[in-house]
Amino acid sequence: MDTNQLIRNTVEFVQKTLAAAEGGHDWWHIYRVWQTSKTIANAELAAKDGMTPNLLIIELAALLHDIADSKFHDGDDSIGPRVAGEYLQAQQVNPEIIREVQQIITHISFKGGHNVGTYYSVELAIVQDADRLDAIGAIGIARAFNYGGYKNRPLYDPNQPPNLQKTVEQYKFNNDPTINHFYEKLFLLKDRMNTAAGKRLAAQRHAFMESYIEQFYQEWEGHR
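Residue 231 is where the sequence shown starts when you use the numbering used here, and the numbers rise one by one after that.
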């Protein structure tokens with residue numbers, strides 16, 4: 231199948247599958263990660279540093295990385311790679327490419343920061359950076375509070391401090407205030423970027439979040 235047609239088919243598949251998804255994990259999240267992945271990949275190609283990324287794997291992984299997010303499937307981490315694999319097999323994609331896409335989907339998540347990397351590829355590094363970038367900055371803030379509302383979580387509770395020592399299971403199934411999520415994940419991502427372009431973009435978005443949190447606390451106490 232023509233590569234462009236495969237990408238068009240995949241876009242249509244994702245749009246239909248995620249038509250009723252929560253706003254922070256819907257088609258537009260996928261779209262942003264897809265576009266940012268291409269931006270980072272092009273920067274990597276321009277730098278000519280290390281391995282040359284496979285753009286088809288990057289695009290397919292970016293488009294399919296949240297096709298069945300475990301947080302919406304009772305914590306089942308196997309469903310995403312399985313759904314993506316079944317779709318790509320139906321599209322008669324090369325089995326090696328399917329395996330690489332599934333590996334990226336399997337290893338992309340943060341999971342509270344306790345998941346030790348057992349797999350690496352330049353394609354994973356790129357798509358992971360793009361996904362993490364969408365979790366920080368202005369859009370990241372919007373997504374955090376949107377998901378918090380979806381889960382009926384409190385905005386903030388001064389009596390419930392963040393816990394950076396959560397297990398993977400505790401991280402998956404917690405119902406803590408949304409502000410805690412900034413400390414348990416969002417503020418950690420800047421230093422976990424893989425690529426030069428990802429690090430550069432993350433620095434600005436991180437600074438914006440720091441400014442936002444400072445304003446939030448001032449308003450909470452009625453000082454501004």
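Beta carbons are placed, not taken as given, at the ideal position from N, Cα and C, and that holds for glycine.
| Check | Outcome |
| --- | --- |
| Among the residues of its own chain, which have a CB less than 6 Å from the CB of Y413, if the five just before and after it don't count? | P392 |
| DSSP three-state label for Q395, please. | coil |
| Where does T233 fall in DSSP's three states? | helix |
| Go through the region 347-405 residue by residue and report every complete run of the alpha helix (DSSP H) that reaches 4 residues or more, in order. | 352-363, 367-380, 398-402 |
| Does the region 260-275 come within contact of the region 371-383, defined as at least 3 CB pairs closer than 8 Å? | no |
| Tell me which residue opens and which closes the alpha helix (DSSP H) that G315 is part of. | 309-320 |
| Give the straight-line distance between the Cα atoms of L418 and K396, rounded to the nearest whole angstrom. | 14 Å |
| Are the CB atoms of R422 and R362 nearer to each other than 8 Å? | yes |
| Cβ atoms of F438 and A368: under 8 Å apart, would you say? | yes |
| Just to check my reading of the structure: V244 and I287 have Cβ atoms closer than 8 Å, yes? What is that Cβ distance to the nearest angstrom? | Wrong, their Cβ atoms sit about 16 Å apart, outside the cutoff. |
| So the alpha helix (DSSP H) G428 belongs to, where does it begin and stop? | 426-450 |
| By alpha-carbon positions, which one of V241, V352, E330, L275 ends up nearest to R262? | V241 |
| Identify which residue in D387, P311, F340 has its Cα closest to the Cα of T408. | D387 |
| Report the residue from Y380, I366, E289 whose alpha carbon sits nearest the alpha carbon of I335. | E289 |
| Rounded to the nearest angstrom, what separates S308 and Y442 at their Cα positions? | 36 Å |
| Answer with buried or exposed for G253, where buried requires no fewer than 16 other C-beta atoms within 10 angstroms of its C-beta. | exposed |
| With respect to the alpha helix (DSSP H) encompassing T336, which residues constitute its N-terminal and C-terminal limits? | 325-337 |
| Go ahead and label D299 buried or exposed: buried means 16 or more other beta carbons lie within 10 angstroms of its beta carbon, across all protein chains shown. | buried |
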